[in-house]
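Scroll down for the structure; my scribbles are underneath it.
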Amino acid sequence: MGQLVSVDRQGAVATLLLDAPPFNAFDTAMRDALAAAVRDIDADPEVRAVVLTGGEEVFAAGADIGALLAMDFVDIVDWNARLQRTFTAVAELPVPVVAAVNGYALGGGLELALCADYRVAGERAAVGLPEVTLGIMPGSGGTQRLTEIVGRSRAKELIMTGRRVRAAEALGLGIVDEVVPGSSTERAHELAAQLAAGPRLAIRAIKQAVDQAAGARDAGLALERSLIAGLFATPDRTTGMRSFLADGPGRARFE
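Under the working numbering, the first residue of the sequence shown carries the number 78, and numbering increases by one thereafter.
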C-alpha cells in the first residue's frame, strides 16, 4: 500500500497526499501517518501553503467500517480523540491549506476537507456525512465545521439524512468554494502558489484572526467526542455497521 500519506514540497507549496487506494479509508495506520505528515509540514519553515488531496479519483471515503465495528466504547474514546486531534492539527497549520476534492469526500473524508481554508472541487465530486446510516454521528469535527459553514438547520438536515451532495449543490451551500471542470488538482495548486507568494506573516495573522471567529468550537468538539463514544454502546451502531459491511451503504433498518 506504500506510505499511506506522502508530503511533496515544490518550492513553498507542500502537497499532502492521502495515498491508500482505493478509498483512502481512515484506520489507525492512516490516522497516524496523517498526523506524522502534518507534524513534518508544521516543522518545515519553507512551507508557505499546502494542497491537501486524495488524488484524482477519490478524496477520502471515510473510516474503515470493519475496524470501527470491532471497537467498543472504551476503544472509540481514545481512537476518535486521536483522529479528531489529527484533523484539528490540519486546521491549525499556520499556513493556508487548499483542499483539492475529487470523487467522494464522505464521512471522515469530508470532515478532513472541512479543515482546509479553501476547498476546490472537481465537477464530479460528491460530499456528505453519512454516519447516521451506521447508527452513529460524525466525530472528527463535522458537526462543528459544517454548521459554521451552512448554518444549524441545513447542517441538521445533511447530517440527519446522511445524503450525498453533488459538487454544484455543495458550491451553493458553501461546503466547497469553487467547482472546476474535470480534476480540481491543478486549480488547487494554482491558488496555493498564489497564497505562498503573499506576505507570510500577514497571511498567518489573517488565518488566525478569522479562525478565532469560531469562538466556542473547542467545547463543541469535546461534546462531539463524548456523544459519538456513547453511540458505540448502542445496538443501532452494531446494526448499521454490520449492514454496511454485508449489503453496502444506506441499507440498514433500525428499530
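Think of the CB as a built atom: it goes at the ideal place given N, C-alpha and C, for glycine as much as any other residue.
Per DSSP, cross-strand counterpart(s) of residue i
{"i": "SER260", "result": "Answer is none; SER260 lacks a bridge partner."}
{"i": "VAL127", "result": "ALA91, VAL174"}
{"i": "GLY199", "result": "VAL257"}
{"i": "VAL59", "result": "The requested residue 59 does not occur in the structure, where the chain is confined to residues 78 to 332."}
{"i": "VAL135", "result": "Answer by DSSP bridge pairing: none, since VAL135 is not bridged."}
{"i": "ALA140", "result": "PHE103"}
{"i": "ASP96", "result": "LEU81"}
{"i": "LEU204", "result": "The question names Leu, yet the displayed sequence has Val at residue 204. According to DSSP, VAL204 bridges with ALA182, VAL242."}
{"i": "ARG86", "result": "ALA91"}
Range of the contiguous beta strand (DSSP E) that encloses residue i
{"i": "GLY325", "result": "Neither: GLY325 is in no beta strand (DSSP E) and is coded neither H nor E."}
{"i": "LEU183", "result": "181-183"}
Where residue i falls, given that 16 or more other Cβ within 10 Å makes a residue buried
{"i": "THR210", "result": "buried"}
{"i": "MET237", "result": "exposed"}
{"i": "GLN80", "result": "exposed"}
{"i": "PRO122", "result": "exposed"}
{"i": "LEU95", "result": "buried"}
{"i": "MET78", "result": "The predicted position of MET78 is uncertain, since its pLDDT is 45 and thus under 50; a value taken from the coordinates is nonetheless stated next. Its Cβ having fewer than 16 others within 10 Å, MET78 is exposed."}
{"i": "VAL287", "result": "exposed"}
{"i": "ASP85", "result": "exposed"}
{"i": "ALA310", "result": "exposed"}
{"i": "GLU332", "result": "exposed"}
{"i": "GLY325", "result": "exposed"}
{"i": "GLY139", "result": "buried"}
{"i": "LEU322", "result": "exposed"}
{"i": "LEU206", "result": "buried"}
{"i": "ASP194", "result": "buried"}
{"i": "LEU278", "result": "exposed"}
Straight-line Cα distance separating residue j from residue i
{"i": "PRO276", "j": "PRO171", "result": "13 Å"}
{"i": "GLY307", "j": "THR224", "result": "21 Å"}
{"i": "GLY327", "j": "GLU234", "result": "16 Å"}
{"i": "VAL178", "j": "PHE100", "result": "13 Å"}
{"i": "LEU304", "j": "ALA282", "result": "33 Å"}
{"i": "GLN285", "j": "GLU134", "result": "32 Å"}
{"i": "LEU250", "j": "SER260", "result": "20 Å"}
{"i": "THR315", "j": "THR92", "result": "37 Å"}
{"i": "ARG330", "j": "PRO258", "result": "38 Å"}
{"i": "PRO312", "j": "LEU146", "result": "11 Å"}
{"i": "ILE142", "j": "SER230", "result": "28 Å"}
{"i": "TYR181", "j": "VAL242", "result": "10 Å"}
{"i": "MET148", "j": "ALA97", "result": "22 Å"}
{"i": "ALA112", "j": "GLN289", "result": "23 Å"}
{"i": "LEU268", "j": "VAL90", "result": "10 Å"}
{"i": "ALA299", "j": "ALA144", "result": "23 Å"}
{"i": "ARG319", "j": "ALA102", "result": "17 Å"}
{"i": "ALA232", "j": "ALA247", "result": "12 Å"}
Where the alpha helix (DSSP H) containing residue i begins and where it ends
{"i": "THR163", "result": "150-168"}
{"i": "GLN80", "result": "From DSSP, GLN80 is part of no alpha helix (DSSP H); its letter is neither H nor E."}
{"i": "THR238", "result": "229-238"}
{"i": "ASP295", "result": "294-308"}
Beta-carbon proximity of residue i to residue j, cut-off 9 Å
{"i": "LEU272", "j": "ARG125", "result": "yes"}
{"i": "ALA291", "j": "VAL253", "result": "no"}
{"i": "VAL204", "j": "LEU183", "result": "yes"}
{"i": "ARG116", "j": "ALA168", "result": "no"}
{"i": "ALA114", "j": "VAL154", "result": "no"}
{"i": "VAL174", "j": "CYS192", "result": "yes"}
{"i": "GLU301", "j": "GLY219", "result": "yes"}
{"i": "GLU200", "j": "ALA245", "result": "yes"}
{"i": "LEU189", "j": "ALA265", "result": "no"}
{"i": "ALA166", "j": "ASP104", "result": "no"}
{"i": "ALA270", "j": "GLY132", "result": "no"}
{"i": "ALA202", "j": "VAL128", "result": "no"}
{"i": "ILE213", "j": "GLY297", "result": "no"}
{"i": "GLY408", "j": "ASN157", "result": "In the structure as shown, the chain begins at 78 and stops at 332. Residue 408 is therefore absent and cannot be evaluated."}
{"i": "THR163", "j": "THR262", "result": "no"}
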